[in-house]
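K.L.:
The structure under discussion is supplied below as structure tokens; questions concerning it will follow.
2 protein chains.
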Amino acid sequence: MSLSKELIQKLDQVMNARSVALLGATDSPERVGYQLLESLIAGKYGGNLYPVHPRHKELLGLKVYPSLAEIPETVDLALIALNQQKTVEAVRECGQRGVKGAVCVAGGFKEVGAEGKALEKELAAAAGETDLMVIGPNTLGFFNSDINLNATFYPEQPPKGNGISVISQSGGVGRAIIEVLRDEGLGMNKWVGAGNRTVLEFSDYVDYLAEDKATRVIVLFIEGTEKGRELMDACGRAAKRKPVLIYRAGNSELAKQSAVTHTGSMISSPKLFSDACKQFGVIEAGSVPELVSKAKALSLCPPFKGERIGIMTHTAGPSITLLDGLAAADCRLAEFTPQTMVRLQEMFHGVPVILKNPLDAAAFGYSPEGYGQVAEMVMADPNVDILVVMHALHKNWKFAAREMVKLKDKYKKPVVACYISTQVGAEENRQILQPAGIPCFSSTETAAWGIAGCIEAMRVNHGR
Amino acid sequence: MSLSKELIQKLDQVMNARSVALLGATDSPERVGYQLLESLIAGKYGGNLYPVHPRHKELLGLKVYPSLAEIPETVDLALIALNQQKTVEAVRECGQRGVKGAVCVAGGFKEVGAEGKALEKELAAAAGETDLMVIGPNTLGFFNSDINLNATFYPEQPPKGNGISVISQSGGVGRAIIEVLRDEGLGMNKWVGAGNRTVLEFSDYVDYLAEDKATRVIVLFIEGTEKGRELMDACGRAAKRKPVLIYRAGNSELAKQSAVTHTGSMISSPKLFSDACKQFGVIEAGSVPELVSKAKALSLCPPFKGERIGIMTHTAGPSITLLDGLAAADCRLAEFTPQTMVRLQEMFHGVPVILKNPLDAAAFGYSPEGYGQVAEMVMADPNVDILVVMHALHKNWKFAAREMVKLKDKYKKPVVACYISTQVGAEENRQILQPAGIPCFSSTETAAWGIAGCIEAMRVNHGR
Chain D
51 MSLSKELIQK LDQVMNARSV ALLGATDSPE RVGYQLLESL IAGKYGGNLY
101 PVHPRHKELL GLKVYPSLAE IPETVDLALI ALNQQKTVEA VRECGQRGVK
151 GAVCVAGGFK EVGAEGKALE KELAAAAGET DLMVIGPNTL GFFNSDINLN
201 ATFYPEQPPK GNGISVISQS GGVGRAIIEV LRDEGLGMNK WVGAGNRTVL
251 EFSDYVDYLA EDKATRVIVL FIEGTEKGRE LMDACGRAAK RKPVLIYRAG
301 NSELAKQSAV THTGSMISSP KLFSDACKQF GVIEAGSVPE LVSKAKALSL
351 CPPFKGERIG IMTHTAGPSI TLLDGLAAAD CRLAEFTPQT MVRLQEMFHG
401 VPVILKNPLD AAAFGYSPEG YGQVAEMVMA DPNVDILVVM HALHKNWKFA
451 AREMVKLKDK YKKPVVACYI STQVGAEENR QILQPAGIPC FSSTETAAWG
501 IAGCIEAMRV NHGR
Chain C
51 MSLSKELIQK LDQVMNARSV ALLGATDSPE RVGYQLLESL IAGKYGGNLY
101 PVHPRHKELL GLKVYPSLAE IPETVDLALI ALNQQKTVEA VRECGQRGVK
151 GAVCVAGGFK EVGAEGKALE KELAAAAGET DLMVIGPNTL GFFNSDINLN
201 ATFYPEQPPK GNGISVISQS GGVGRAIIEV LRDEGLGMNK WVGAGNRTVL
251 EFSDYVDYLA EDKATRVIVL FIEGTEKGRE LMDACGRAAK RKPVLIYRAG
301 NSELAKQSAV THTGSMISSP KLFSDACKQF GVIEAGSVPE LVSKAKALSL
351 CPPFKGERIG IMTHTAGPSI TLLDGLAAAD CRLAEFTPQT MVRLQEMFHG
401 VPVILKNPLD AAAFGYSPEG YGQVAEMVMA DPNVDILVVM HALHKNWKFA
451 AREMVKLKDK YKKPVVACYI STQVGAEENR QILQPAGIPC FSSTETAAWG
501 IAGCIEAMRV NHGR
């Protein structure tokens with residue numbers, strides 16, 4: 051069952067909460083009730099904040115309220131940092147008082163056995179009385195970097211998004227996704243740790259993000275769910291509007307048992323899952339780096355209109371490891387037109403190099419201008435749909451970052467850069483390239499995933 | 051054919067050259083003859099340096115000699131930054147004047163067709179007259195960080211090694227390996243860009259590194275070779291003494307053609323190659339990150355004595371992605387003894403958590419001391435051969451790095467750390483862990499590769 055339009059709107063009000071109550075606020079820095087408050091402050095949340103505690107008067111410079119009832123407004127969101135039993139009561143009270151949604155961080159529900167399972171049923175019933183939008187339980191919470199709302203117990207300012215939103219069954223893997231996004235010079239718009247999904251299911255979050263304007267790429271990490279059909283239906287609906295990426299872990303026999311204990315969910319076979327992804331137009335990834343690389347390229351590049359790749363490099367070996375990566379993802383190379391070959395022959399006159407795709411321009415020199423000129427010949431070729439430009443770190447070689455931005459704008463074709471280092475010059479080039487819509491990868495493995503992701507999204511759009 | 055003991059010694063004198071001549075030194079910063087000189091200086095080479103040029107008197111503060119003949123000593127190594135024709139002449143002269151070895155950077159040999167092929171035969175003949183140890187041609191050169199010798203045209207101080215030496219067919223991929231090693235807080239001892247291998251073959255470098263005391267792990271990147279049998283024989287000999295890792299690219303149809311043009315070498319099928327690796331005790335890797343992760347763990351960890359893995363975490367999801375990675379590499383988990391289970395039950399009394407391997411200690415709290423206590427129970431279990439400890443970044447949680455070092459020393463079992471971030475705290479923890487022999491990985495993917503590499507090396511040693 052999918053959320054009604056009204057409930058999607060309600061969830062949107064929760065994600066964009068104008069006011070937040072924190073039940074279970076505390077002055078013990080090692081406790082979640084303290085860290086959630088730290089997070090709201092570190093994230094620079096601008097809405098109204100109401101810590102709740104029966105005795106404290108002030109916490110981290112904020113006035114503390116003795117109970118939910120005594121907060122002077124009806125808050126949009128409650129963060130519940132109480133134990134599992136008290137969480138159920140708090141959820142009921144939140145609903146009765148008109149709160150729209152709640153984050154329940156407590157564990158100790160279905161993931162710990164029969165007793166927890168019964169308690170989780172109570173939680174569901176309590177929330178159901180008023181359709182309270184419950185995130186969790188057993189969750190880190192959520193981020194909405196669009197409004198600087200860090201509703202997790204990881205105090206930090208979340209890195210700003212570029213259209214990527216993340217739904218993660220696991221808080222830890224969700225955090226790993228944030229770390230890798232940050233390493234890639236990116237952030238996320240919305241981020242949800244789905245936890246036990248007592249009320250809100252993966253499919254609900256997917257339906258919501260499909261509607262969310264700030265979200266242009268939906269990223270999912272899951273371990274398993276009994277509601278696979280609902281999830282795939284929602285992904286299929288969303289994939290008609292924006293790319294949907296999924297990494298499902300726990301495929302191995304070794305991992306399966308742990309995944310079941312962690313989330314209490316069953317796992318279908320990898321083959322069944324992959325077939326379902328293909329059928330519903332969902333793009334699969336096999337690891338966090340693959341997931342993030344695909345999301346990165348999809349969020350930065352314009353939509354691909356063709357899949358013939360032209361590659362330019364000044365370092366031959368890495369172009370071969372890139373080709374291996376592209377081949378694994380069923381990508382193909384452009385064949386340069388005879389006209390391009392003639393123009394390249396004129397340009398490379400007397401230079402001992404075999405002219406082909408990938409084009410190794412090393413013998414032509416290392417100036418950004420020269421690199422730009424050769425790249426333009428590849429870009430101008432009507433057989434080339436995508437230009438990939440590779441650069442190996444060298445103290446004396448400047449990457450033609452600005453030239454690549456000009457080419458992209460002039461020819462209206464996507465450009466993907468592979469600058470093989472995270473160090474010297476990497477950040478400087480990334481800051482020129484990425485805001486201009488050219489993803490800059492630091493390895494051929496990640497670059498190949500990125501390109502493959504965009505090609506897969508194009509194939510989904512074309513119904514292939 | 052393998053190098054005689056005398057020639058291996060000669061190559062060792064080249065790699066550890068006490069004096070270097072640079073033929074083709076120049077004052078044009080964009081030229082290789084200048085960059086090689088920059089590299090020798092940037093690397094802080096301490097031996098005697100003799101730039102050679104017919105007219106210049108001084109370059110970068112160094113006295114320039116008009117010819118090789120006028121250098122006041124017989125140098126161990128000549129770096130030849132001349133075009134392909136002049137390179138052949140220079141090689142002959144070097145040999146005649148008693149130079150032991152030469153790096154030939156020029157391209158334009160067999161990789162550009164028939165004419166180049168003929169010239170390369172001349173080069174081989176010229177070197178053969180005196181058994182000059184020629185590295186290249188068509189190479190970046192080599193590093194020996196043990197003596198601060200940067201004999202490449204990439205000016206920098208090479209990151210110091212921890213027993214890892216690298217042989218790369220491609221300079222660009224070889225550079226990528228250095229970049230990833232640096233990202234992992236490591237460096238390399240010897241590093242050779244093998245180039246066209248006119249004189250020195252992969253097998254020669256492998257034989258040499260097998261003898262080299264500073265080298266404890268041999269890392270190869272290749273695209274293809276006609277001398278696959280010689281390579282595998284050499285790797286087999288070396289693997290009896292130290293781990294040998296290989297990443298072969300160009301396996302895909304897409305890449306094969308490019309690999310042939312790049313190196314003029316043929317490629318056998320992936321299946322044949324993998325079978326050969328198994329037969330000869332060589333550890334395969336499928337990418338640069340996998341290659342470096344395996345080398346990292348092998349260079350830092352003590353040799354594994356068993357393969358039963360005990361995992362401790364405070365973040366469940368990542369332990370599942372780790373298990374997927376381990377399963378892919380055919381690793382297995384330890385089963386805790388009943389005694390350990392009893393001790394854990396006492397410790398976790400009343401805490402709602404399922405006690406199993408991987409052990410999720412989150413509910414027990416996040417203090418380094420508490421983490422250390424739980425980890426010790428896992429480490430002390432006689433069924434556990436390897437302890438893997440996972441940590442997700444959190445502002446308020448300190449990783450138990452020092453506790454892990456103590457455990458490793460007390461129980462004499464290998465420890466592998468997975469600290470899931472490259473940012474906050476990552477460097478600080480790495481600097482405690484890695485010098486103490488605990489590799490610290492920033493993702494579960496790289497951690498799984500590292501663990502798998504050590505297990506594969508153990509299986510090679512045990513003849514499995």
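Going down the list, the sequences are from chains D and C.
Count the first sequence with this note's numbering and you get residues 51 to 514, in order.
Count the second sequence with this note's numbering and you get residues 51 to 514, in order.
All residues carry an ideal CB built from backbone N, CA and C; glycine is no exception.
Owing to the predicted nature of the structure, the values given are computational and were not obtained by experimental measurement.
Could you give the distance in angstroms between the alpha-carbon of Gly-487 (chain C) and the alpha-carbon of Glu-234 (chain C)?
P.N.:
Approximately 14 Å between the Cα atoms of the pair.
K.L.:
State the CB to CB distance for the pair Ala-289 (chain D) and Met-362 (chain D), rounded to an integer number of angstroms; the pair is presumed to be in contact (CB under 8 Å).
P.N.:
That pair is no contact at about 32 Å.
K.L.:
Looking at the C-beta of Thr-137 (chain D), does it have a partner C-beta in chain C at a distance below 7 Å?
P.N.:
Taking Cβ atoms only, chain C never reaches closer than 7 Å to Thr-137 (chain D), which makes this a no.
K.L.:
Write down every uninterrupted run of the beta strand (DSSP E) in the segment 292-372 of chain D whose length is 3 residues or greater and which is fully enclosed by it, in chain order.
P.N.:
As far as the segment 292-372 of chain D is concerned, its whole beta strand (DSSP E) runs of at least 3 residues are 294-298, 333-335, 358-363.
K.L.:
Taking Cβ-Cβ distances shorter than 7 Å, what residues in chain C pair up with Ala-301 (chain D)?
P.N.:
As written in the sequence, residue 301 (chain D) is Asn, which differs from the Ala given in the question. Neighbours of Asn-301 (chain D) on chain C, chain order: Asp-374.
K.L.:
For a contact defined as C-beta to C-beta under 8 Å, what are the partners of Arg-232 (chain D) on chain C?
P.N.:
Neighbours of Arg-232 (chain D) on chain C, chain order: Gln-473.
K.L.:
Could you pull out every residue in the same chain whose Cβ sits closer than 8 Å to the Cβ of Pro-339 (chain C), ignoring the five residues on either side in sequence?
P.N.:
These residues qualify, in order along the chain: Val-230, Glu-495, Thr-496, Trp-499.
K.L.:
Nearest-angstrom Cα distance between Gly-274 (chain C) and Ala-347 (chain C)?
P.N.:
If I take the Cα positions, the gap works out to 26 Å.
K.L.:
Going by beta-carbon coordinates alone, are Leu-281 (chain C) and Ile-268 (chain C) separated by less than 7 Å?
P.N.:
Not a contact, by the Cβ cut-off of 7 Å.
K.L.:
When we look at the beta-carbon of Gln-389 (chain D) and count the other beta-carbons within 10 Å, is it buried (16 or more) or exposed?
P.N.:
Classification for Gln-389 (chain D): exposed.
K.L.:
Tell me whether the beta-carbon of Leu-86 (chain D) lies closer than 7 Å to the beta-carbon of Gln-134 (chain D).
P.N.:
No.
K.L.:
Less than 7 Å between C-beta atoms, sequence neighbours within five positions excluded: which residues of the same chain meet that for Glu-261 (chain C)?
P.N.:
Taken in chain order, the residues that qualify are Ile-58.
K.L.:
On the DSSP bridge list, what partners appear for His-441 (chain C)?
P.N.:
Paired residues: C:Tyr-469.
K.L.:
Using a beta-carbon distance cut-off of less than 7 Å, what residues from the segment 439-467 of chain D approach chain C?
P.N.:
Here the close residues are Ala-442, Leu-443, His-444, Lys-445, Asn-446.
K.L.:
Considering Cα atoms alone, identify which of D:Ile-185, D:Glu-172, D:Cys-504 is closest to Leu-350 (chain D).
P.N.:
For Leu-350 (chain D), the nearest C-alpha among the options comes from D:Cys-504.
K.L.:
Which first and last residues belong to the beta strand (DSSP E) in which Met-183 (chain C) is found?
P.N.:
Its beta strand (DSSP E) spans residues 183-185.
K.L.:
When you compare only the Cα positions, how much space is there between Arg-382 (chain D) and Leu-394 (chain D)?
P.N.:
Roughly 21 Å between the two C-alpha positions.
K.L.:
Taking Ala-92 (chain D) and Glu-276 (chain D) to be in contact with their CB atoms under 8 Å, please state how far apart those CB atoms are, rounded to whole angstroms.
P.N.:
Contact doesn't hold; Cβ gap of about 36 Å is too wide.
K.L.:
Does the beta-carbon distance from Asn-407 (chain C) to Gly-360 (chain C) come in below 7 Å?
P.N.:
A contact, by the Cβ cut-off of 7 Å.
K.L.:
Take the Cβ of Asp-325 (chain D) as the centre, count every other Cβ of all protein chains shown within 10 Å, and call the residue buried at 16 or more, exposed below.
P.N.:
Under this definition Asp-325 (chain D) is an exposed residue.
K.L.:
Round the Cβ separation of Asn-239 (chain C) and Ile-214 (chain C) to the nearest angstrom and send it over; I've been treating them as touching at under 8 Å.
P.N.:
About 6 Å; that satisfies the 8 Å criterion.
K.L.:
Using a cut-off of 9 Å between C-beta atoms, extract the partners of Gly-237 (chain C) located in chain D.
P.N.:
Near Gly-237 (chain C) there are no residues of chain D at all, since even the closest Cβ is about 13 Å away, more than 9 Å.
K.L.:
Using the beta-carbon of each residue, which ones in chain D are nearer than 9 Å to Leu-304 (chain C)?
P.N.:
Neighbours of Leu-304 (chain C) on chain D, chain order: Leu-373, Asp-374, Leu-376, Ala-377, Cys-381, Arg-382, Leu-383.
K.L.:
With DSSP as the reference, label Leu-110 (chain C) as helix, strand or coil.
P.N.:
In this structure, Leu-110 (chain C) counts as coil in the three-state DSSP scheme.
K.L.:
Please name the residues in the segment 171-189 of chain D whose beta-carbon is closer than 7 Å to at least one beta-carbon of chain C, in chain order.
P.N.:
So the list is empty, because no residue satisfies the distance condition.
K.L.:
Is it buried or exposed for Val-242 (chain C), if we count other Cβ within 10 angstroms and need 16 for buried?
P.N.:
By the neighbour-count rule (16 or more Cβ atoms within 10 Å), Val-242 (chain C) is buried.
K.L.:
What first and last residue would you give for the beta strand (DSSP E) that runs through Asn-511 (chain C)?
P.N.:
Per DSSP, Asn-511 (chain C) belongs to no beta strand (DSSP E); it is in the alpha helix (DSSP H), 494-511.
K.L.:
When DSSP labels each residue in this structure, what does Val-141 (chain C) get in the three-state scheme?
P.N.:
Correct three-state label for Val-141 (chain C): helix.
K.L.:
Which of the three DSSP states, helix, strand or coil, is assigned to Arg-247 (chain C)?
P.N.:
Arg-247 (chain C) falls in the coil class under three-state DSSP.
K.L.:
When burial is assigned at 16 or more other CB atoms within 10 Å of the CB, is Glu-470 (chain C) buried or exposed?
P.N.:
Residue 470 (chain C) is actually Ile in this sequence, not Glu. Classification for Ile-470 (chain C): buried.
K.L.:
I'd like to know if the segment 471-486 of chain D and the segment 442-451 of chain D are in contact, where contact means that at least 3 CB-CB pairs between them fall below 8 Å.
P.N.:
The answer is yes - the segment 442-451 of chain D touches the segment 471-486 of chain D, with three or more Cβ pairs under 8 Å.
K.L.:
Strictly under 7 Å for the Cβ-Cβ distance: is Pro-205 (chain C) near chain D by that measure?
P.N.:
By this cut-off, Pro-205 (chain C) is an interface position.
K.L.:
Jot down the residue ranges of each uninterrupted alpha helix (DSSP H) in the segment 163-207 of chain C, minimum 4 residues, whole runs only, in chain order.
P.N.:
Correct list: 164-178.
K.L.:
Just checking: is the beta-carbon of Gly-516 (chain C) within a distance shorter than 7 Å of some beta-carbon in chain D?
P.N.:
Outside the displayed range of chain C (51 to 514) lies residue 516 (chain C), so it cannot be described from this structure.
K.L.:
For Leu-72 (chain D), list the residues DSSP reports as bridge partners.
P.N.:
Note: Leu-72 (chain D) sits in a beta bridge opposite D:Pro-101, D:Leu-129.
K.L.:
Determine the closest residue to Lys-210 (chain C) out of C:Val-256, C:Lys-460, C:Lys-94, C:Lys-355, with distance taken between C-alpha atoms.
P.N.:
Closest option to Lys-210 (chain C), Cα to Cα, is C:Lys-94.
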